[in-house]
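S.K.: Numbering (my numbering), first residue to last: 568 to 1007.
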Amino acid sequence: MAHIKPDFKSTPGPTSIEIRRCLGLDWLPELIDLRRLVWEQETGLLSEEKLVDDNDRQGVHFLVYDSTNNNRLVASTCAVLAERSNFAAHTRLPEKVLRETMVSTRSTVHPDYRGNGLFSLLVYLAGREGRMQERRWLAAYMEPGMAAGRKVSGARNLEKVASRRVEGRDGSYEVVTIAEDVNYVMSNSFRRIPEHLHPYLRETFFVDEVVGEVMSGARRFYEGPWFKAVENGELTRRQYITTLAEMHTYVRWTTRLLGTVIGITSDPELRKHYLRHLGGEIDHEVMLENDIDQLGFDVDYIKNHHSPSEHIRTFMSLQESLSFGPRRDPSLFLAAPFAAEALSAFLKKEFVEKLSRNIASWGVDNPSRAMTFITSHADFDGGTDGHWEAMRRILHRHLKGERELREFLSIVRLAQNSLLRAFSSFVEGTDIFAASPLES
């Protein structure tokens, strides 16, 4: 998405690439050389002094190198938040719209590498940056009637935004503003990227986007009411019992679902992964019962008569939908545990110590005996040899394309949001056992 007509003449493309992401002015000199070659010398659309502008200083640059040709820079693009770009002044769109928009600018492909999908790759990378910044729209400027660029992106003219004149080397020319839904643009452009480049995107950019989404959700979780209650020493015995009871329902349900998923998984490595997961969850069910017993609550009720809260049921129903019926999919099922176990894989020692102090404040002599589930879950899921890291290493094999990636991301968000709402509900409302009578 740039105001230069791509040359779609068939030329040899790189069989192996490396993509570097640079912030602001933190780029290499060869980027200026590439722009000079294309924008000034070849097309005359920019003069020397305008090869770099404020968008470059505010934006993110993606530099594509041909790994088979001495790491030659062959393509580049810049993505910038609309409210920080000159797009805001030129379009005069409302602030609310700008804050949902990512602008793609200065997309450039070396003349020797045109017509082999690199332009589509640049559009995809700009869209990905927008999606990771939670932007809904991808926008750009383009010369009127430029069918090839629109074909790659699927973008449409913003009819309410006036065209503008841009000064080039030999005079001015007209550009119009185009935009489209970021997922639509990414879907269109990904399908035009050569398939031999897909493994690189899956192993790096797909996995990184999923991990970024998971870690963002984990931060929200750690900043939520339940963790604040632990941090402030305000978690009550009954709130903790409620937490363990809901986790027991979750773990017990998970073991049944894992058994089902194992039965429908044909991939040997993924099936082995689920088998290891199943063994760990069975141990956790017993640990939860022991923790609850240490707190003096009715274990028989938890095992045989307790029913999950609506938020835990939402999370488990999500997993159930991927285990049974027309939507069953062992690869997509991986998204739910990957999202959930990040919440325990990155627990810090300081949190465990604060939880122990909360438990001790209730008169429990040996707090560690009432928190075996949480501490063992952190050990099982965390670390370089933990369950979460093992899942991260196999993700790329199960994210086949852009559609599968979007579905995986949506499951991650739904899973983590359900658990955040669940844990928040555990500490909301009153606890009659912790309440003190008012003074007369």
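Positions of the beta carbon are idealized from the N, C-alpha and C atoms, including for glycine.
With DSSP run on the structure shown, which of helix, strand or coil describes residue 860?
M.R.: helix
S.K.: Do residue 860 and residue 853 have their CB atoms nearer than 7 Å?
M.R.: Cβ atoms of residue 860 and residue 853: not closer than 7 Å.
S.K.: If you follow the beta strand (DSSP E) that residue 648 is part of, which residue opens it and which one closes it?
M.R.: 639-648
S.K.: Please work out which residues of its chain come closer than 7 Å, Cβ to Cβ, to residue 719, disregarding the five sequence neighbours upstream and downstream, and give them in chain order.
M.R.: 686, 687, 690, 755, 756 and 759
S.K.: If we ignore side chains and look at the alpha-carbon of each, how far apart do residue 577 and residue 635 end up?
M.R.: Because the pLDDT at residue 577 is just 41, under 50, the model does not fix this residue reliably, and the point stays unresolved.
S.K.: Taking the alpha carbon of residue 836 as the point to measure from, which residue in 708, 993, 961 and 604 has its own alpha carbon closest?
M.R.: 961
S.K.: What number of angstroms, rounded off, separates the C-alpha of residue 609 from the C-alpha of residue 881?
M.R.: 57 Å
S.K.: Quick check on DSSP: helix, strand or coil for residue 585?
M.R.: strand
S.K.: Can you give the Cα-Cα distance for residue 785 and residue 991, rounded to whole angstroms?
M.R.: 14 Å
S.K.: Are residue 910 and residue 993 touching if we call contact CB-CB under 7 Å?
M.R.: no
S.K.: Using CA atoms only, rank isn't needed, just tell me which of 873, 870, 903 and 877 is closest to residue 886.
M.R.: Selection 873, 870, 903 and 877 evaluated against residue 886 yields 903 as nearest (Cα-Cα).
S.K.: What are the start and end residues of the beta strand (DSSP E) that includes residue 662?
M.R.: For residue 662, there is no enclosing beta strand (DSSP E); the residue is part of the alpha helix (DSSP H) that begins and ends at 662-665.
S.K.: Given a cut-off of 7 Å on the beta-carbon distance, is the pair residue 815 and residue 869 in contact?
M.R.: yes
S.K.: For residue 748, write down the residues that DSSP places opposite it in a beta bridge.
M.R.: 704
S.K.: Quick one: what does DSSP say residue 775 is sitting in, helix, strand or coil?
M.R.: Assignment of residue 775 by DSSP, reduced to helix, strand and coil, places it in the helix class.
S.K.: Going along the chain, which residues of its own chain have a beta-carbon closer than 6 Å to the beta-carbon of residue 725, five neighbours each way excluded?
M.R.: 744 and 746
S.K.: On a CA-only basis, which of 653, 828 and 973 is nearest residue 1039? Give me that one, please.
M.R.: Residue 1039 lies beyond the range of the chain shown here (568 to 1007); nothing can be said about it.
S.K.: By alpha-carbon positions, which one of 888, 845 and 800 ends up nearest to residue 929?
M.R.: Nearest option by C-alpha distance: 800.
S.K.: Strictly by DSSP, which residues pair up with residue 787?
M.R.: In the DSSP output, where bridge partners are listed per residue, residue 787 has none listed.
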